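Structure record follows, encoded as structure tokens.
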Amino acid sequence: QIGPDTPIITTDARHRADAKSALITLVEHALMARLK
27 QIGPDTPIIT
37 TDARHRADAK
47 SALITLVEHA
57 LMARLK
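Heads up, the sequence shown is in the numbering used here, so the first residue is 27 and it goes up one at a time.
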């Protein structure tokens, strides 16, 4: 089950900027989850 604080994003991995943004969001979420 996905928690309410888990970001759900849509991205088109064919576009470099979109993929970059998705990866940044993933890393930020992982870092914040680790700090809690």
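The beta-carbon is built from N, C-alpha and C at its ideal position, and this holds for glycine as well. Computed from a predicted model, the values in this text were never measured in an experiment.
Taking C-beta separations shorter than 8 Å and ignoring five residues to either side along the sequence, the partners of T37 in its chain run D44, A45, S47 and A48, following chain order. Following the DSSP letters along the chain, one finds R42 inside the alpha helix (DSSP H) bounded by residues R42 to L61. If you check the CB distance, I35 and T51 come in under 7 Å.
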